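Counted the way the UniProt record's numbering counts, the sequence shown spans residues 1 to 302.
We put the beta carbon where it would ideally sit given N, CA and C, even for glycine.
Computed from a predicted structure; not experimentally measured.
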Amino acid sequence: MNEIVPKNIAETLVVLEKIYDIVRIVDPVRNKVVYAKHEKTALALDETTCYGFWKKDKFCNNCISIRAFAQQETFVKFETVHDRVYMITASPFQYKNQSYVVEMLSDITDKSILENIFAQEQNNFSDVILKFNDAFVKDELTKLFNRRFINERLPVEIATDGMSALAACLVMIDIDSFKLINDNYGHLAGDEILRQFATLLKDTVRGSRDWVARYGGDEFLIYLHNVDIEQAGKITERIRQVVGDYNFTTQKMNFKLTGSIGVSILKNKMDMEAWINDADKNLYVSKAEGGNKVTFTSNHNR
1 MNEIVPKNIA
11 ETLVVLEKIY
21 DIVRIVDPVR
31 NKVVYAKHEK
41 TALALDETTC
51 YGFWKKDKFC
61 NNCISIRAFA
71 QQETFVKFET
81 VHDRVYMITA
91 SPFQYKNQSY
101 VVEMLSDITD
111 KSILENIFAQ
121 EQNNFSDVIL
131 KFNDAFVKDE
141 LTKLFNRRFI
151 NERLPVEIAT
161 DGMSALAACL
171 VMIDIDSFKL
181 INDNYGHLAG
191 DEILRQFATL
201 LKDTVRGSRD
211 WVARYGGDEF
221 LIYLHNVDIE
231 QAGKITERIR
241 QVVGDYNFTT
251 QKMNFKLTGS
261 IGVSILKNKM
271 DMEAWINDAD
281 KNLYVSKAEG
291 GNKVTFTSNH
301 NR
């Protein structure tokens, strides 16, 4: 939206601003606020990040605006900031063939709605809201991101990396011979291995712009931001070594395990499905060649 908000949209915003404490229009792909009004201050064409209001240094894990954008539906969640509790409603709309999301924030800190939602938790609202939001995008067993997060976040990463001409890599990794652990020692032992494996992956990747998710079973996905194939090679080789050196422990026994890894660098016009399939194909090449190996789409195998 590169001009003043048009009259028909402005009229709608005036109505919403009488109902909600904060109304803003965001571009969730670029994480930008393009219009905001807080109390008596209108910030037309504000270029601040949409997550800055929440005092975060990166996108929200449970971003309902990207969900509204992707599914063209309205979603609601809760957040806390400055000791205030907000209920956020995100709803998509189109303007000049481009999709945006209008976020409508209600400060419910002092309202009885809190008593109904969080009565059993007394006043520990921040922890309750964190658990509430995490339940949508976190895997219950490993506490990593889940498939919902992958499906919502990865297309955004592809779009933003494409717009900024940044390189990015996708990593698929699973545990070699994991089925034997489940078959011989039971699913409780298998679950404990998965938790420890997930922690290793999370601790091994770089800072806030990389992320790890459980894709399914013992298969995990890692998004590496702004890396070329050589940098991705160093990161994935470190992961392979860390996994191989680690002593996995359960109540029944200890295990030495390895991982098979497939890596795909983002190519022009590649969508999420193609990117995942390419990394997954390389993962199975690593497994077919005995495991404990990193395979790339190019001939850079390790």
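The Cβ-Cβ distance between ARG214 and LYS58 does not fall below 8 angstroms. Here the alpha carbon of GLN94 sits roughly 39 angstroms from the alpha carbon of GLN231.
A distance below 8 angstroms separates the beta carbons of VAL102 and VAL23. Inter-residue distance for SER177 and VAL171 is about 19 angstroms (C-alpha atoms, whole angstroms). THR12 and ARG30 have their C-alpha atoms roughly 24 angstroms apart.
In the three-state scheme derived from DSSP, where H, G and I count as helix and E and B as strand, ARG209 is classed as coil. For VAL76, the number of other beta carbons within 10 angstroms of its own is below 16, and it is reported as exposed.
DSSP places VAL85 within a strand segment (E or B) once states are collapsed to three.
Between ASP191 and LEU257, the CB-CB gap reaches or exceeds 8 angstroms. The shortest CA-to-CA distance from LEU201 to any of PHE53, GLU237, HIS82 is the one to GLU237. Residue pairing by DSSP places PHE93 opposite TYR100 in a beta bridge. In this structure, DSSP gives LYS256 an extended state, which the three-state scheme calls strand. Per the coordinates, the alpha-carbon of ASN226 lies some 43 angstroms from the alpha-carbon of ASP110.
For GLY162, the closest of ALA279, TYR223, LEU266 by C-alpha to C-alpha distance is LEU266. With 16 or more other CB atoms across the displayed protein chains lying within 10 angstroms of its CB, GLU152 is buried. By the Cβ neighbour-count rule, VAL85 is buried, with 16 or more other Cβ atoms within 10 Å of its own.
Per DSSP, MET163 is one residue of the alpha helix (DSSP H) stretching across 147-164. Judged by beta-carbon spacing, GLY262 lies within the 8 angstroms limit of LYS281, meaning their Cβ atoms are closer than that value. Taking GLU79 as the centre and dropping the five residues before and after it, the same chain places the C-beta of TRP54, TYR86, ILE88, ILE129 closer than 7 angstroms to its C-beta, in chain order. Annotation: the continuous beta strand (DSSP E) that includes PHE248 extends over 247-249. Excluding sequence positions up to five before and after TRP211, its CB lies within less than 7 angstroms of the CB of PHE145, TYR223, all in the same chain and listed in chain order. Nearest Cα to ASP278 within the set THR295, GLY207, ILE175, GLU289: THR295.
Residue pairing for TYR185: DSSP places it in no beta bridge.
Check the Cα spacing between ASN184 and each of PHE255, CYS169, LYS138, PHE197: the tightest is with PHE255. Secondary structure at GLY244: helix, using DSSP grouped into helix, strand and coil. Proximity to PRO28 across ARG67, LYS252, LYS37, ILE19 peaks at ARG67, based on C-alpha coordinates. DSSP places VAL294 in the uninterrupted beta strand (DSSP E) bounded by 294-296.
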